[in-house]
Amino acid sequence: MEKKDIKSLFPQEVEQQLIELGQPKFRAKQIVSWLHEKRVNSFDEMTNIPLALRRVLEEHYYINSLTIVRKLESKLDGTVKYLYELSDKNCIEAVLMKYKYGNTLCISTQVGCRMGCRFCASTLAGLVRSLKPSEMLDEIYTAVQDTGERVSNVVLMGIGEPLDNYDNVVRFLRLLSMPEGYNLSLRHLSLSTCGVVDKIHRLAEEDLGLTLSISLHAPNDSIRSQTMPINNRWGVDELMKACRDYFDKTGRRISFEYALIDGVNDEPCHAQELAKRLRGMSAHVNLIPVNPVKERGFKCGSRQKIEGFQHMLTKLGVNATIRRELGADINAACGQLRREYMKEEEEEQC
Ligand code: SAH
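Under numbering that gives the first Met the number 0, the first residue of the sequence shown carries the number 0, and numbering increases by one thereafter.
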C-alpha cells in the first residue's frame with residue numbers, strides 16, 4: 000500500500016481519514032497543529048497522540064520534509080539563497096529577502112518548467128515534475144526553521160509556472176492561509192505567471208485575495224512571441240482581457256513584470272506602446288534589468304537606458320519602479336543555482 004502525503008490534506012480530510020481508520024476525529028486538530036504550527040517531521044514527535052495511533056498513522060501516511068543542500072548568504076544585505084533537495088532527490092530553489100517590513104520568501108512551484116521563456120534558466124532542461132502542496136509549504140517551513148524568523152510575505156516566482164500546477168498551488172494557498180496552520184494572509188502573497196490565460200480566469204473565481212503578477216516582458220505580440228512561447232497560445236490582447244477580468248472580479252491591482260533586454264524590448268517606442276496597453280488599468284510595472292543567463296546571450300542596457308524607460312512610463316501615467324537588486328554577490332538568475340548543481344553532479348558521475 001502506498002503511503003499518503005498527510006501534510007497536503009485539509010483538516011476536514013484528516014478528520015475523515017481518522018473516521019475511516021476507526022479513530023476519534025478530535026485527533027485531527029492535534030495532528031494538523033503538529034504538522035502546520037509546530038511543524039514536526041515525524042509522528043513520534045506528536046507527544047499528545049497515543050503511541051498506538053502514531054503507529055497507525057505511520058503505516059498509512061508519510062510526513063514530507065526537505066533538506067537544505069546548499070545555502071548562499073549575501074554579505075551585502077542578508078539575502079539567502081537555498082537549494083533544497085526533495086525526497087526523490089530532485090532539487091528546487093527558494094530565496095529569502097529581508098526588507099524593513101519583514102521577510103519575503105520566493106518559492107518554486109515545479110521542478111523545472113515547460114514554458115520555454117527564452118531568457119529564463121529554469122526552463123532550459125524542461126519540466127521534471129510539479130510540486131505537491133506539502134513540498135511548497137515545506138519551502139516556507141524549512142526557511143522559517145533555519146532562520147528562526149517568520150516569513151511574512153511569499154512570492155511564487157521561483158522555478159516553475161504556478162498556473163501549470165494549478166490544483167496543487169491552489170490547495171497549497173488554502174493550506175498556507177488556514178488559521179489552524181501558518182495563517183498567512185494571502186494579501187501578503189503574489190503569484191507570478193507567464194500568462195496562462197484560461198487559468199487566470201479560473202483563479203479570479205477562487206476568491207483568494209492574492210496579488211497577481213504578470214510576466215509581460217513585451218508590449219506587442221511580435222516581440223512577445225519571439226521571447227515567450229506561451230504568447231503563441233494566448234496573445235497580448237487576450238492576456239490583457241484576462242487581467243481586466245481578474246481586476247473586475249477581485250478588485251486587486253495587478254502588477255506587471257517587464258525584464259528589459261537590450262535592443263529587444265527596451266527602446267522608447269516600446270515604453271510608449273506599453274503605456275498605451277496599460278492605460279486605464281490600475282497597474283504597476285516592475286522593471287527588471289534582465290539577468291544574463293550564459294546559455295541565452297541576452298543582456299541588459301545601460302543604467303541610463305533603463306532609467307529613461309522608467310521615466311517615459313511615468314510621464315505617460317504608468318506607475319513603474321526598477322527592481323532593487325538584492326543579493327548581488329550571490330546573484331544567479333532564476334533556476335541557475337539548481338542548474339549549476341545539476342551540472343556538478345553530472346560531472347562527478349562521469
Ligand atoms: N513562471 C512564472 C514564475 C517564475 S519566473 C512566471 O513566468 O512569471 C519569475 C520571474 O522572473 C518572471 O517574471 C520571469 O519572467 C522572470 N525571469 C526569468 N528569467 C529572467 C532573467 N534572466 N532576467 C530577468 N527576469 C527573469
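In this text, a Cβ means the ideal position worked out from N, Cα and C, and glycines have one as well.
ask   = Hey, valine 154 and threonine 103 are a contact pair by Cβ (cut 8 Å); roughly how many whole angstroms apart?
value = 6 Å
Distance between glutamine 22 and glutamate 324 (C-alpha atoms, nearest Å) = 52 Å
message = For arginine 337, which residues in the same chain have their Cβ closer than 7 Å to its Cβ, ignoring the five residues on either side in sequence?
response = Result list for arginine 337: Leu82, Cys90, Ile91, Glu92 and Ile158, in chain order.
inquiry  = Could you compute how far the alpha carbon of isoleucine 18 sits from the alpha carbon of arginine 113?
reply    = 40 Å
key: Residue environment, cysteine 268, which counts as buried when at least 16 other CB atoms sit within 10 Å   = exposed
Per-residue burial, aspartate 265 [other beta carbons within 10 Å of its own, 16 or more giving buried] = buried
message = Between leucine 34 and isoleucine 62, how many whole angstroms is the CB-CB distance? I'm expecting something under 8 Å.
response = Sure, about 7 Å apart at Cβ, within 8 Å.
ask   = Roughly how many angstroms separate the alpha carbons of aspartate 4 and phenylalanine 42, rounded to a whole number?
value = 13 Å
key: Given 8 Å, three or more beta-carbon pairs between the segment 286 to 305 and the segment 268 to 278   = no
message = Suppose the cutoff is 6 Å on Cβ atoms and the five residues either side in sequence are ignored; what does the same chain contact list for proline 291 look like?
response = Lys298
key: beta strand (DSSP E) segment containing proline 288, residue limits   = Run containing proline 288: 282 to 288, per the beta strand (DSSP E) assignment.
key: Nearest candidate by alpha-carbon position, reference phenylalanine 255, set Cys119, Leu71 and Ala217   = Ala217
query = Can you find at least 3 beta carbon pairs, one from the segment 111 to 127 and one from the segment 93 to 101, that sit closer than 8 Å?
reply = no
query = Does ligand 2 have a heavy atom nearer than 7 Å to the CB of valine 150?
reply = Among the ligands present in this structure, namely ligand 1, ligand 2 is not found.
message = When you compare the CB positions of leucine 211 and leucine 188, do they come within less than 8 Å of one another, or not?
response = no
inquiry  = Given this structure, state the Cα-to-Cα distance separating lysine 2 from isoleucine 199, to the nearest angstrom.
reply    = 33 Å
ask   = So does the segment 164 to 179 actually touch the segment 114 to 133, counting three or more Cβ pairs closer than 8 Å?
value = yes
message = Between the alpha carbons of cysteine 349 and methionine 341, how many angstroms are there, rounded?
response = Model confidence at cysteine 349 stands at a pLDDT of 46, short of 50, so the residue's coordinates are unreliable; what they give is reported in the following sentence. Cα-Cα distance, rounded: 13 Å.
request  = Compute the distance between the beta-carbons of aspartate 145 and isoleucine 67, then report whether it is under 8 Å.
outcome  = yes
task = Just tell me which of Gln309, Tyr181, Thr192 and Ile305 has its CA closest to the CA of arginine 38.
result = Tyr181
Identified DSSP bridge partners for alanine 120 = Answer is none; alanine 120 lacks a bridge partner.
request  = Note down the Cα distance separating leucine 207 from glutamate 72, rounded to an integer number of angstroms.
outcome  = 33 Å
message = One question on the structure: do leucine 286 and isoleucine 321 come within less than 8 Å of each other, judged by their Cβ atoms?
response = yes
task = State the start and end residues of the unbroken beta strand (DSSP E) segment that holds valine 150.
result = 150 to 155
Other residues of its chain near asparagine 219: CB distance less than 7 Å, five sequence neighbours each side excluded = So the qualifying residues of the chain are Val235 and Glu272.
Proximity to leucine 161 [Cα-Cα], best of Arg149, Ala327, Cys119 and Gly194 = At residue 161 the sequence reads proline, which differs from the leucine that was named. Out of Arg149, Ala327, Cys119 and Gly194, Gly194 has the C-alpha closest to the C-alpha of proline 161.
query = So, is alanine 327 buried or exposed, given that buried needs 16 or more other C-beta atoms within 10 angstroms?
reply = exposed
task = Would you list the residues sitting across from aspartate 4 in a DSSP beta bridge?
result = Tyr61
task = Using three-state DSSP, classify serine 184 as helix, strand or coil.
result = coil
query = Taking Cβ to Cβ, would you say arginine 170 is nearer than 8 Å to serine 7?
reply = yes
message = Does cysteine 349 come out as helix, strand or coil in the three-state DSSP assignment?
response = Its pLDDT being 46, under 50, cysteine 349 is placed unreliably by the model, and the measurement read from it follows with that caveat. If DSSP states are grouped into helix, strand and coil, cysteine 349 belongs with coil.
key: Beta-carbon proximity list for aspartate 354, same chain, < 6 Å, skipping 5 on both sides   = No answer is possible for residue 354: the residues shown for the chain start at 0 and end at 349.
Lysine 240 - DSSP class collapsed to helix/strand/coil = helix
key: Range covered by the alpha helix (DSSP H) that runs through lysine 304   = Going by DSSP, lysine 304 is part of the alpha helix (DSSP H) stretching over 302 to 314.
request  = Tell me whether phenylalanine 118 counts as near ligand 1, meaning its Cβ is closer than 7 Å to at least one heavy atom of that ligand.
outcome  = yes
query = So, is lysine 74 buried or exposed, given that buried needs 16 or more other C-beta atoms within 10 angstroms?
reply = exposed
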